[in-house]
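Residue numbers (my numbering): 4 to 223.
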């Protein structure tokens, strides 16, 4: 996840594949979308790995307070992903800024890079919630990747409702934060970048609440 954006920025700059209206920030973070998907996958694996190996039973025996177990995983996923994403996104922007033409619009990297970095732990926590609810790695991975990618892919099928379907996805929030030229209101909704981040964080918190309830009520 942390490695993808920097070589992606160098590749985009070297190939000159950006459109004239693309900003340096948007071009430098071209590979932030697959990196975001990997952040969600990381969140899934934090919990599904224990279910797959059976060590979750040992964990819950050692720490009977199941809310504490989940809270510890939340803190770990959020902290690690935020720091990794902030370093990666900042380096990618600096590489893009150094390699792209000086006459290209820069975009507004600050505080946008902080928002981008915050979105990665949100995606990771969404993955953690889905992994806790489903417990099966393959099913959880499929579900969380679909939640990230399908709204923007299938949005055009919903006609006038495209902006609502695609605009609620984490990838739409990412495109707005990176000020991508593809982030037009028709495709990703009229919400601003920060309200979009707040929306994604809101339903991620709801998913975590559901995951915590399920973890407390079932045997394992």
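All C-beta atoms in this analysis are idealised placements derived from N, C-alpha and C, irrespective of residue type, glycine included. Quick caveat, the model's predicted, so the values are computed rather than measured.
Beta-carbon to beta-carbon, residue 39 and residue 122 are separated by about 7 Å, close enough to satisfy the 8 Å threshold.
In this structure, residue 134 sits near residue 147, with a CB-CB distance shorter than 9 Å. In the three-state reduction of the DSSP assignment, residue 154 falls in the helix class, which pools H, G and I. If you look at residue 123, you'll find it in the alpha helix (DSSP H) that goes 112-137. Per the Cβ contact rule, the segment 16-24 is not in contact with the segment 66-78 (fewer than 3 Cβ pairs under 8 Å). Boundaries of the alpha helix (DSSP H) around residue 102: 69-102. Here residue 198 is exposed: its Cβ has fewer than 16 other Cβ atoms, across all protein chains shown, within 10 Å. In the displayed model, residue 6 falls within coil according to three-state DSSP, outside both helix and strand. Around the beta carbon of residue 105, fewer than 16 other beta carbons lie within 10 angstroms, which makes this residue exposed. Burial state of residue 193 is exposed, judged by a 10 Å Cβ sphere holding fewer than 16 other Cβ atoms. It is roughly 6 Å from the alpha-carbon of residue 9 to the alpha-carbon of residue 94.
If the five residues before and after residue 136 are omitted, its C-beta is found closer than 6 Å to the C-beta atoms of 214 and 217, all from its own chain and listed in chain order.
According to the DSSP assignment, residue 213 belongs to the alpha helix (DSSP H) that extends over 196-220. Look at residue 53 here: in three-state DSSP terms it is helix.
The beta carbon of residue 186 sits closer than 7 Å to those of 178 and 179, all from its chain and outside the five residues before and after it, given in chain order. Residue burial is scored here from C-beta neighbours: residue 36 has at least 16 other C-beta atoms within 10 angstroms and is therefore classed as buried. The straight-line gap separating the alpha-carbon atoms of residue 65 and residue 56 is approximately 16 Å.
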